[in-house]
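Shown next, in structure tokens, is the structure this report addresses.
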Amino acid sequence: MKQIRAIRILMAALFFIAASACLILGPQVHPMARAARSLQITLSAAASTMGVTLVWLLITFIFGRIYCAAVCPVGTFSDLFFRLRRKIPRLNKPFSYRHRSKWPVHILWIYLLCILAGVVVVPFIIEPWNMARNMATAANPQLIDSTWATIGRGAATGIAVGVLSAILLILCGLSYGRSFCTRFCPLGTILGFVQERSIMHIEIDPDKCISCGRCEDNCRAQCIKVVSRYIDSSRCTRCFDCVADCPAGAIRYQLNRNRRPASPLMRKARNHH
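Residue numbering for the sequence shown follows our numbering, starting at 50 and increasing by one per position.
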């Protein structure tokens, strides 16, 4: 199971490099740069990207949030600072389970209503690919002149938004890992709804779990609750750290769901939490 995390990291690195090249140097620099752009979900441009969006919904239904794990440049950008967090003793404190918030649904409704109403400024600010484009203006200000010009703003607005987006993602990465992806990103929320019913899923085997807490301590989505052997599938970003790091092999990425009844001890733990 460790190999699956290695594959995910390799894919994320390749897509992030390709996306960065596309955003800074232009899509003509390499076929991978064009591919990285073509594979992004951008509902604000649904007329040209609906096919890609439907494919990602299908992939998510089968495998989970692979888009968030390896293809989205904003997710990988957050992961870079999550890794930096682990190198800083003052910041490298264990995570704990966080209950699902209502904010993601509220943000999703605002985002969708703005798209339907033609208020494109909100998607330009909060959509992951557009966030990456805004951040790239620091290296190539001409990149999104035409984009912001459509709403009567110049590249300076895009640069300011890009700086603020970078600060937000850095703070989220250093403090809470993938909290932007699980609490603020509207596309992450949509994919989370689909992932809840995905065919492949991550599950804790209560008979093998030794309650070491390692998975919960390191979960960048704060979606694992060891005491009740629970993983909130809607928020899992498929980093596969828990699968690879579990010393007892109790966490599996699998097809079949464990329907065995919990032991009396575990039923008691659930009742108290």
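Note that beta-carbon positions come from the ideal geometry of N, C-alpha and C, so glycine has one too.
Please read all numbers here as calculations on a predicted model, not as lab measurements.
Query: Considering just the uninterrupted stretch of the beta strand (DSSP E) at Tyr302, what are its terminal residues?; Result: Ile300 to Gln303
Query: Please give me, in chain order, every unbroken run of the alpha helix (DSSP H) with length at least 4 that falls completely inside the segment 217–298.; Result: 228–232, 235–244, 263–267 and 290–294
Query: Have a look at Ser228, Arg135 and Val120 and flag the residue whose alpha-carbon is nearest the alpha-carbon of Ile90.; Result: Val120
Query: For Leu165 and Cys291, what's the separation of their Cα atoms in angstroms?; Result: 39 Å
Query: Under the rule that 16 or more other beta-carbon atoms within 10 Å means buried, what is Arg139, buried or exposed?; Result: exposed
Query: Locate the alpha helix (DSSP H) running through Thr109, then write down its first and last residues.; Result: Ala95 to Phe112
Query: Leaving out the 5 sequence neighbours to the left and right, which residues in its chain are closer than 8 Å to Thr109 when beta-carbon positions are compared?; Result: Ile115, Tyr116, Leu240, Val243, Gln244 and Ser247
Query: Helix or strand or just coil, what does DSSP make of Leu63?; Result: helix
Query: For the alpha helix (DSSP H) that His155 lies in, which residues bound it at each end?; Result: Trp152 to Ala166
Query: Starting from Lys136 and walking both ways along the alpha helix (DSSP H), at which residues does that stretch end?; Result: Pro122 to Lys136
Query: Within 10 Å of its beta-carbon, does Gln52 have 16 or more other beta-carbons around it, so buried, or fewer, so exposed?; Result: exposed
Query: Counting only the same chain and skipping the five closest in sequence on each side, list residues whose C-beta sits under 8 Å from that of Asp294.; Result: Arg263, Cys264 and Asn267
Query: Nearest CA to the CA of Val170: which residue from Phe126, Arg86, Arg301 and Ala94?; Result: Ala94
Query: Whose CA, out of Gln271, Ser277 and Cys258, lies closest to the CA of Arg301?; Result: Cys258
Query: Beta-carbon separation of Leu304 and Leu223 under 8 Å?; Result: no
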